[in-house]
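A.B. asks: Have a look at this one before I ask anything.
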Amino acid sequence: MPKRLHRSFQALLLLALCIFLASKLASGKLTYYINLRFIPLTIFGVIFLAVLAQTLFAEIKRSRQLVTAGDDEHEHAPASANLWFMLVPLLIGVLIPSRPLDSSAFATKGFNTSSPLVSADSSAQLFETDSEERNVLDWIKLFNYETDIPQFVGQKASVIGFVYFDESLNKNQFFISRFIISCCAADGFAIAMVGEWPQASTLEKDSWVLVKGTIQSITLNEQVVPLIKADSVQAVPIPEQPYLFP
Numbered sequence: 015m016p017k018r019l020h021r022s023f024q025a026l027l028l029l030a031l032c033i034f035l036a037s038k039l040a041s042g043k044l045t046y047y048i049n050l051r052f053i054p055l056t057i058f059g060v061i062f063l064a065v066l067a068q069t070l071f072a073e074i075k076r077s078r079q080l081v082t083a084g085d086d087e088h089e090h091a092p093a094s095a096n097l098w099f100m101l102v103p104l105l106i107g108v109l110i111p112s113r114p115l116d117s118s119a120f121a122t123k124g125f126n127t128s129s130p131l132v133s134a135d136s137s138a139q140l141f142e143t144d145s146e147e148r149n150v151l152d153w154i155k156l157f158n159y160e161t162d163i164p165q166f167v168g169q170k171a172s173v174i175g176f177v178y179f180d181e182s183l184n185k186n187q188f189f190i191s192r193f194i195i196s197c198c199a200a201d202g203f204a205i206a207m208v209g210e211w212p213q214a215s216t217l218e219k220d221s222w223v224l225v226k227g228t229i230q231s232i233t234l235n236e237q238v239v240p241l242i243k244a245d246s247v248q249a250v251p252i253p254e255q256p257y258l259f260p
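At position 198 of the sequence shown (counting the first as 1) the number is 212 in the numbering used here, and the numbers step up by one without a gap.
Structure (C-alpha cells):
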C-alpha cells in the first residue's frame, strides 16, 4: 500500500475515533464505560486525536503537492494490519449499542451483599448523611463495617437500583442492585441489598425502581445485611449515572 493511502486511512480512523468519543461525551453515555474521574482525561484525548488527524491530513496535502510538482512518491507504508487494530474497537463501539451493565453480567462477575472490595474510610461520614439520601452502596457499607447494626433498624430509606431475583430469597423479596466501577466497566462488580414488598412478583427483572421504606436486617450467607421493607416501589428510567463509585 502506498504511504499516502496508508496515511489517509490512519487520518480517517483517528478522526472517526475522535467523533465517536466526542459523541459519547455529549450524550453522557461515556460513563457506561469508564469512571467519571477519567472524563477530563478523555476530553484531552479527543482534542489530541483531532490535532493528530489534522496533522496527518496536512501531511497528505503536502504529499499530493509534491506529486503534482513531479516528485513521485516511492515510499511504501508499513503493513496495513495495524489499521485493523484501530478499526476493530471502533466498529465494536459503533455496532454494539451502549448500555449499562445489568444482571446478564452476574453470570461472569457475580454479585455480593457485603461490599468486601469497598474501603471503609467513608463509613463515618455516612452517619452525617440523611438516611433517605444514602444509596445501596452506603447502606451496605454501614452494615459491613459498623458493629452496632440495631441503630439503623427502622430508619427511613430511599434507594434506586435494578431488580434481580434470586433463589435464596422469599417470593416477596428481590435484590435492588447496582454496579460499582473503580476504573472502567471491565472491572465492575455488582452489589445488592434486599427489598421486601408484597407485590414483588409483579416487578420485571432488570427494571429500574425507586424503593422507599424502612430499614430492617436480614442474614444472608451467615452475614447480617440491610433489607428495605418497602412502602412503595416505583418504576424509574435508567439514571443518568447508573454506576456507583467506591
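Idealized CB from N, CA, C, for every residue including glycine.
Is residue 220 helix, strand or coil when you go by DSSP?
C.D. replies: Residue 220 falls in the coil class under three-state DSSP.
A.B. asks: Under 9 Å, do residue 194 and residue 259 count as touching if we go by C-beta distance?
C.D. replies: Going by C-beta atoms, residue 194 is nearer than 9 Å to residue 259.
A.B. asks: By how many angstroms is the C-alpha of residue 204 removed from the C-alpha of residue 240?
C.D. replies: One C-alpha to the other measures close to 16 Å.
A.B. asks: Who are the near neighbours of residue 125 in its chain, counting only those whose CB is closer than 6 Å to its CB and skipping five residues on each side?
C.D. replies: Counting only Cβ-Cβ distances below 6 Å, and skipping sequence neighbours, we find 204 and 206.
A.B. asks: Taking C-alpha atoms, which residue in 23, 43 and 115 lies nearest to residue 199?
C.D. replies: Residue 115 is the option with its Cα nearest to residue 199.
A.B. asks: Would you say the segment 150-158 touches the segment 182-194, given that touching needs at least three Cβ pairs under 8 Å?
C.D. replies: Yes, they touch.
A.B. asks: Is it buried or exposed for residue 248, if we count other Cβ within 10 angstroms and need 16 for buried?
C.D. replies: The residue is exposed, with fewer than 16 neighbouring Cβ atoms inside 10 Å.
A.B. asks: Could you check which residue in 166, 201 and 257 has the C-alpha nearest to that of residue 232?
C.D. replies: When only C-alpha atoms are compared, the closest one is 166.
A.B. asks: Assign residue 175 to one of three DSSP states: helix, strand, or coil.
C.D. replies: Three-state result, residue 175: strand.
A.B. asks: Leaving out five residues before and five after residue 202 in sequence, what residues of the same chain have Cβ atoms less than 6 Å from its Cβ?
C.D. replies: If we look at residue 202 and ignore the five residues flanking it on each side, its Cβ neighbours are 115, 193 and 195.
A.B. asks: Quick check: residue 128 and residue 230, are their CB atoms within less than 9 Å of each other?
C.D. replies: The answer is no: Cβ separation not under 9 Å.
A.B. asks: Quick check: the Cα distance between residue 221 and residue 57, rounded to an integer number of angstroms?
C.D. replies: Near 32 Å, if we compare the C-alpha coordinates of residue 57 and residue 221.
A.B. asks: Near residue 73, which residues of its chain fall below 8 Å by C-beta distance, leaving aside the five closest residues on each side in sequence?
C.D. replies: Counting only Cβ-Cβ distances below 8 Å, and skipping sequence neighbours, we find 21.
A.B. asks: Going by Cα to Cα distance, which pick from 172, 45 and 24 is closest to residue 256?
C.D. replies: Nearest of 172, 45 and 24 to residue 256, Cα basis: 45.
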